[in-house]
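Numbering (the numbering used here), first residue to last: 1 to 269. Even glycine gets a Cβ: it sits at the ideal position worked out from N, Cα and C.
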Amino acid sequence: MTELEAENKRRMRQYIDAWNDHDPDAIVSFLAEDTEQYTADELRTIAEDWFEAFPDLTHEIKELAADGNWVLGRLVLRGTHQGSYMGVAPTGDEVEVADHFSTRFEGGHIVEHHTTADLYTMLEQLGVTLPPDRPEANNEALVRQYFQALNDRDTAAFTETMAEEFTYGDIEGPEEMAEMDWKWLETMDLTWEIDEIHAGEDFVTTRLTASGTHRGEILGLEPTGNSFEISALTLSLIEDGHIVEWFGQWEFASMLDQIGVIDSPIYDE
């Protein structure tokens with residue numbers, strides 16, 4: 001982990017601490033001036049609405065990973081519904097929902113933040129009946145198809161989930177993404193299992209388990225024949241029924257340890 005990544009993780013923990021302290025001033029202080037998603041006043045209103053509806057709201061960090069300027073993670077939100085929220089009168093019910101997020105930092109401040117707090121599960125816990133054909137359900141189905149196509153080695157089904165303008169880092173277009181993924185599928189005999197999936201109106205986050213066996217040469221590494229199992233977090237941005245941008249963070253160092261390329265005491269049982 002680089003110094004930048006360690007610092008960004010530290011800042012993310014401080015940001016979550018500000019939410020647990022119910023401190024709107026501290027929360028908005030993390031925003032960069034050029035953050036496009038919302039202004040400081042808008043974020044303050046979001047926080048105050050949560051604190052009014054759930055006075056005992058807490059955020060528990062379950063996973064946290066950094067990749068350059070990005071921090072990805074998984075939280076569990078808990079609280080008691082004591083005020084109106086999203087038009088639902090207070091019920092006194094306790095809620096527990098997952099929240100996957102992907103946050104980009106510049107100079108220690110948040111410039112981009114995507115989150116999929118599972119509000120639909122929360123509403124169900126509060127007794128609200130939801131329509132089955134909501135956009136979020138379609139987005140979830142799309143991302144499930146993405147990973148199922150990888151497991152089925154179905155290139156056509158895989159590429160049709162992505163828009164022509166799809167990007168993932170330096171990769172551009174569905175064909176380039178398929179070329180990269182198929183190299184990993186063949187050399188690592190990869191299988192993806194979705195452990196959690198949460199959908200918003202224009203994005204989906206997943207927590208997955210990737211397993212496989214090192215059967216071919218990749219990244220200059222000769223095959224070892226060793227098997228591995230690692231965790232991964234992904235974020236898919238969606239427009240008009242297709243994935244337009246993809247972010248992922250997976251336990252690469254743990255995989256190298258399990259296939260015998262490195263020997264790190266961090267992963268010793």
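Check: What's the call for residue 14, buried or exposed, on a 16-neighbour Cβ count within 10 Å?
Finding: Translated into positions along the sequence shown, residue 14 becomes position 14. Exposed, since its Cβ has fewer than 16 Cβ neighbours within 10 Å.
Item checked: Cβ neighbour criterion (16 or more within 10 Å) applied to residue 177 -> Working through the sequence shown from its first residue, we reach residue 177 at position 177. Burial call: buried.
Check: Taking C-beta to C-beta, are residue 222 and residue 211 nearer than 8 Å?
Finding: Within the sequence shown, numbered from 1, the residue matching residue 222 stands at position 222. Within the sequence shown, numbered from 1, the residue matching residue 211 stands at position 211. Result no, Cβ atoms of residue 222 and residue 211 do not sit closer than 8 Å.
Next item on the list: May I have the straight-line CA-CA distance separating residue 127 from residue 88, to the nearest angstrom?
Entry: The sequence position of residue 127 within the sequence shown is 127, counting from 1. The sequence position of residue 88 within the sequence shown is 88, counting from 1. The straight-line gap from Cα to Cα measures roughly 9 Å.
Note to self: Rounding to the nearest angstrom, what Cα-Cα distance links residue 7 and residue 198 in this structure?
What the structure shows: As a working mapping, residue 7 is identified with position 7 in the sequence shown. As a working mapping, residue 198 is identified with position 198 in the sequence shown. C-alpha separation (whole angstroms): 27 Å.
Notebook entry, point to check: Does DSSP classify residue 1 as helix, strand or coil?
Noted result: Start at 1 with the first residue of the sequence shown, and residue 1 comes out as number 1. It is coil, neither helix nor strand.
Notebook entry, point to check: Can you tell me the Cα-Cα spacing of residue 154 and residue 50, whole angstroms?
Noted result: Along the sequence shown, one-based indexing puts residue 154 at 154. Along the sequence shown, one-based indexing puts residue 50 at 50. Between residue 154 and residue 50, the C-alpha separation is close to 43 Å.
Note to self: If you follow the beta strand (DSSP E) that residue 71 is in, where does it begin and where does it stop?
What the structure shows: Working through the sequence shown from its first residue, we reach residue 71 at position 71. 70-80 is the span of the beta strand (DSSP E), which, as asked, contains residue 71.
Next item on the list: Kindly indicate which three-state DSSP category residue 265 falls into: helix, strand or coil?
Entry: Residue 265 sits at position 265 when you count from the first residue of the sequence shown. Low local confidence applies: a pLDDT of 48 at residue 265 is under 50, so the model's placement there is unreliable, with the coordinate-based value given in what follows. Residue 265 falls in the helix class under three-state DSSP.
Note to self: If you reduce the DSSP assignment to three classes, tell me which class residue 120 lands in.
What the structure shows: Here residue 120 is taken as the residue at index 120 of the sequence shown, counted from 1. DSSP places residue 120 in helix when its eight states are reduced to three.
Checklist line | DSSP three-state assignment for residue 8, whether helix, strand or coil | finding: Within the sequence shown, the letter at position 8 stands for residue 8. Secondary structure of residue 8 (DSSP, three-state): helix.
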